[in-house]
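Asks: Numbering (this note's numbering), first residue to last: 1 to 192. Cβ atoms here follow ideal geometry from the backbone N, Cα and C, with glycine treated the same way. Remember, predicted model here, so these are calculated numbers, not experimental data.
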């Protein structure tokens with residue numbers, strides 16, 4: 001395929017695929033969970049980040065294609081935490097969900113086929129397998145929820161600053177979770 005159809009003009013921070021259609025959202029999701037991003041070297045990650053910084057600053061070297069920019073953005077978004085700027089450990093990346101989650105959930109199948117366990121031991125072990133699986137995957141979900149929560153906080157804080165610039169400086173606004181079970185969010189304005 002020629003690059004013009006496979007790679008649209010690059011847009012920093014946006015999806016390469018049309019999010020207005022099911023097919024575009026599916027392709028975007030498949031791109032996000034691509035396990036090949038787990039094997040990207042540190043050198044390649046730095047090259048991608050440098051290329052995106054050059055695009056942001058308007059200092060791209062000649063000959064850089066849209067395809068190179070989209071691939072660089074995919075790698076950066078798969079590995080770097082959007083808030084802290086640090087590398088996300090492999091098991092907690094979206095691309096690590098299947099390779100790291102499947103062996104944990106697949107333990108039940110292995111235990112069912114294990115012939116050297118007595119039936120009582122097999123049943124006992126099967127009952128305890130969901131615990132580490134749910135614990136592991138919950139940790140991953142907390143990380144994803146934190147990313148979304150932080151992005152939401154930034155947008156709410158910006159809106160409050162527009163409405164009440166004197167009352168909402170970065171030092172006077174803090175966000176806290178009141179209850180994880182209800183996932184309710186309270187906005188507290190600290191008074192000095």
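Counting beta carbon pairs with one atom in the stretch 73-92 and one in the stretch 104-114, are three or more of them shorter than 8 Å?
Replies: Contact fails: fewer than three Cβ-Cβ distances are below 8 Å.
Asks: Relative to the C-alpha of residue 106, which candidate in 10, 83 and 126 has its C-alpha closest?
Replies: Residue mapping note: residue 106 aligns to position 106 of the chain shown, counting from 1. Cα-wise, what sits closest to residue 106 is 126.
Asks: For the stretch 77-84 against the stretch 32-42, do three or more pairs of beta-carbon atoms, one drawn from each stretch, fall closer than 8 Å, so that the two count as touching?
Replies: As far as the Cβ criterion goes, the stretch 77-84 touches the stretch 32-42, which means the pair count is three or higher.
Asks: Using a Cβ-Cβ cut-off of 8 Å (strictly less than) and excluding sequence neighbours within five positions of residue 51, which residues of its own chain qualify?
Replies: Position 51 of the chain shown holds residue 51. For residue 51, where only same-chain residues beyond five positions count, the Cβ hits under 8 Å are 60, 64, 68, 69 and 72.
Asks: Who are residue 87's beta bridge partners in DSSP?
Replies: Position 87 of the chain shown holds residue 87. The partner list for residue 87 (beta bridge, DSSP) reads 80.
Asks: To the nearest angstrom, report how far apart residue 14 and residue 74 are at their CA atoms.
Replies: Along the chain shown, read from residue 1 onward, the residue named residue 14 stands at position 14. Along the chain shown, read from residue 1 onward, the residue named residue 74 stands at position 74. The alpha-carbon atoms of residue 14 and residue 74 are separated by roughly 10 Å.
Asks: Per DSSP, what kind of secondary structure is residue 7 in: helix, strand or coil?
Replies: What you label residue 7 is simply residue 7 of the chain shown in a count that begins at 1. Three-state result, residue 7: coil.
Asks: Are there 16 or more other CB atoms within 10 angstroms of the CB of residue 121, so buried, or fewer, so exposed?
Replies: The residue labelled residue 121 in the question sits at position 121 within the chain shown. The residue is exposed, with fewer than 16 neighbouring Cβ atoms inside 10 Å.
Asks: For residue 99, name the three-state secondary structure that DSSP assigns.
Replies: If you number the chain shown from 1, residue 99 lands on position 99. Helix at residue 99.
Asks: Residue 32 lies in the alpha helix (DSSP H); which residues open and close that run?
Replies: To locate residue 32, count along the chain shown from 1; it is residue 32. Unbroken alpha helix (DSSP H) run through residue 32: 22-32.
Asks: With DSSP run on the structure shown, which of helix, strand or coil describes residue 36?
Replies: Residue numbering aside, residue 36 sits at position 36 when the chain shown is read from its first letter. Three-state DSSP puts residue 36 in a helix.
Asks: Excluding the 5 residues flanking residue 37 on each side, which residues of the same chain have their C-beta closer than 8 Å to its C-beta?
Replies: Indexing the chain shown from 1 puts residue 37 at position 37. Counting only Cβ-Cβ distances below 8 Å, and skipping sequence neighbours, we find 74, 75, 78, 79, 93 and 95.
Asks: Looking at residue 7: is its Cβ nearer than 9 Å to the Cβ of residue 66?
Replies: One-based indexing of the chain shown puts residue 7 at position 7. One-based indexing of the chain shown puts residue 66 at position 66. Result yes, Cβ atoms of residue 7 and residue 66 sit closer than 9 Å.
Asks: Within the continuous alpha helix (DSSP H) that includes residue 119, where are the two ends?
Replies: Position 119 of the chain shown, counted from the start, is the residue given in the question as residue 119. From DSSP, the alpha helix (DSSP H) with residue 119 extends over 119-128.
Asks: Looking only at its chain, what residues have a beta carbon closer than 7 Å to the beta carbon of residue 163, apart from the 5 residues adjacent to it on each side?
Replies: On the chain shown, residue 163 is found 163 positions in, with the first residue counted as 1. In this predicted model, residue 163 has a pLDDT of only 48, less than 50, meaning its place in the structure is not dependable; the value taken from the coordinates is given anyway. Result list for residue 163: empty, nothing under 7 Å.
Asks: In this structure, does DSSP put residue 17 in helix, strand or coil?
Replies: As a working mapping, residue 17 is identified with position 17 in the chain shown. Correct three-state label for residue 17: coil.
Asks: Contact criterion: CB-CB distance below 9 Å. Does residue 61 meet it with respect to chain C?
Replies: The structure shown contains no chain C; it holds only a single protein chain.
Asks: Classify residue 43 as helix, strand or coil using the three-state DSSP reduction.
Replies: Here residue 43 corresponds to residue number 43 of the chain shown, with the count starting at 1. Correct three-state label for residue 43: helix.
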